[in-house]
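Student:
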Amino acid sequence: MAVAIKASWSNPSTILFATEIPTDERVFRFAVAQAKQFKAHLVLLHAYDTLVLTGSDATGARYYDFEASAHVETAHLEPLAERARSQGVDCSLAVRPGLPSDQILKFAEEHSVDRIMMGTHSPGPIGKLLVGSVAESVLRNATVPVFIVGPETADGGYRNFETRTILCAVSLAETSIALAQFAAELAVRHKARLILQHVIIPQEREEALADRTVGQIEHDLLLLIPEELRDQLEVQAIVVHGDPTEELLFQSRAQQAELLVLGAQGASAFAAATRNGVVYKVLAGSHCPVITLSPVLLAKCGVKVDRRLSSEIFLAGVF
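As structure tokens, then:
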């Protein structure tokens with residue numbers, strides 16, 4: 128089955144870095160490094176919530192000073208833009224009032240963005256979690272890949288931000304066709320090794336194997352790679368039994384992956400609130416950046432997304 132993967136998703140010409148203020152320096156460095164690598168235009172976008180009132184008129188009525196706020200936010204971002212330009216990156220600024228998730232998605236659509244980059248927060252000992260509702264909405268609704276730098280992600284500077292090994296979570300489900308093809312195109316672009324990993328949870332082992340050996344399933348996973356790309360990259364398939372989060376994080380470290388590719392069907396509001404979603408656990412614990420494909424994007428690629436699966440445990444490629 129052929130899927131519609133845009134070439135610009137693996138070779139972006141416009142990268143949107145959605146930043147808070149103060150800016151996460153680690154994500155900024157990744158954004159600049161990618162803009163340099165792909166010779167892409169980098170947009171620094173900050174969207175600020177207008178629910179906070181900042182002034183009053185002569186009658187004492189409270190109001191929001193949009194112009195003053197935009198000026199202040201732009202002043203914070205301009206030094207970052209200058210740093211990017213000093214490294215040869217074509218960089219521009221965008222400051223917008225409104226709900227951040229809405230503005231990020233709207234800007235990406237309006238300006239033909241090829242990749243969205245975001246960072247995460249770490250809320251303390253209860254557990255590291257993605258930025259809440261903003262990133263949750265972007266992960267579920269973005270029409271381009273979303274590049275996430277989590278709280279455990281190492282700064283790529285010590286490896287010059289090279290991507291030499293990519294780990295992609297897959298299965299034999301239809302959604303994995305798009306994931307594997309996207310990961311393969313990324314691997315070709317980066318001249319990287321590609322690992323396709325399928326995690327089978329213990330309670331579904333018998334059904335998942337269906338009288339097949341692990342070796343047979345691994346062979347079938349390799350067939351997810353488009354034929355025209357197979358001779359252009361080094362690819363390996365790994366099938367394991369266990370907890371999806373633990374196995375993906377373990378394998379990413381064991382294989383020294385610099386990038387994880389995941390489907391974001393499990394990035395739901397419920398999973399975010401309970402910290403039970405596999406997507407959130409992987410994003411929170413990954414030592415390397417993660418690129419996610421949203422249900423909207425997967426559907427746009429022409430694959431059927433099964434929305435009946437539990438948002439607590441479902442990750443594209445994990446059953």
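Residue numbers for the sequence shown follow my numbering, beginning at 128 and rising by one.
Quick reminder that beta carbons are idealized off the backbone N, C-alpha and C, glycines included.
Everything numeric in this text was worked out from a predicted model, so none of it was measured.
1. Could you give the DSSP three-state label for GLN214: helix, strand or coil?
2. Taking GLU354 as the reference, give the member of PRO371, CYS218, ALA337 and GLU312 with the closest Cα.
3. Looking at GLY390: is its Cβ nearer than 8 angstroms to the Cβ of LEU425?
4. Cα-Cα, which of ILE293, ILE328 and GLU279 is closest to VAL315?
5. Per DSSP, TYR342 is paired with what?
6. Is ILE231 helix, strand or coil by DSSP?
7. Nearest by alpha-carbon distance to PRO278: which of GLY429, VAL417, ALA235 and ALA307 is it?
8. Starting from VAL154, trace the alpha helix (DSSP H) in both directions and tell me its first and last residue.
9. How many whole angstroms separate the CB atoms of ILE142 and ARG242, which I take to be in contact at a CB cut-off of 8 angstroms?
10. Check this for me: beta carbons of ARG320 and HIS368, under 8 angstroms apart or not?
11. Could you have a look at VAL297 and say whether DSSP puts it in helix, strand or coil?
12. Exposed or buried, which one is HIS325 when buried takes at least 16 other CB atoms within 10 Å?
13. Using a Cβ-Cβ cutoff of less than 6 angstroms, which residues in the same chain neighbour LYS431 once the five nearest sequence positions on both sides are dropped?
14. Which residues share a DSSP beta bridge with GLY429?
15. Take PRO139 as the anchor and find which of PHE274, ASP282 and THR201 has the nearest alpha-carbon.
16. Relative to the C-alpha of ASP370, which candidate in VAL409, GLU361 and GLU152 has its C-alpha closest?
17. By DSSP's criteria, LEU266 is part of a beta bridge. Which residues make up the other side?
18. Would you kindly work out how many angstroms separate the C-alpha atoms of ALA235 and GLY412, rounded to a whole number?
19. Going by DSSP, what residue range makes up the alpha helix (DSSP H) through GLN324?
20. Name, in chain order, the residues that DSSP records as bridge partners for HIS168.
21. So, under 8 angstroms CB-CB, CYS295 and LEU323 are touching, yes? Tell me the CB distance rounded to an integer number of Å.
22. Beta carbon of VAL271, beta carbon of TRP136: below 8 angstroms?
Tutor: Result, derived from the coordinates:
1. coil
2. GLU312
3. Yes. Within cutoff.
4. ILE293
5. First, the amino acid is wrong: residue 342 is Gly here, not Tyr. None, per the DSSP bridge assignment.
6. helix
7. Of the listed residues, the one whose Cα sits closest to PRO278 is VAL417.
8. 152 to 165
9. 5 angstroms
10. no
11. coil
12. buried
13. By the criterion of a C-beta distance shorter than 6 angstroms, LYS431 is surrounded in its chain by GLU301, once the five residues flanking it on both sides are discounted.
14. Note: GLY429 sits in no beta bridge, so no partner.
15. Of the listed residues, the one whose Cα sits closest to PRO139 is PHE274.
16. VAL409
17. None, per the DSSP bridge assignment.
18. 27 angstroms
19. Unbroken run through GLN324 is the beta strand (DSSP E), 320 to 327; no alpha helix (DSSP H).
20. THR141
21. Yes, they are in contact, since the Cβ atoms of CYS295 and LEU323 sit about 5 angstroms apart, within 8 angstroms.
22. yes
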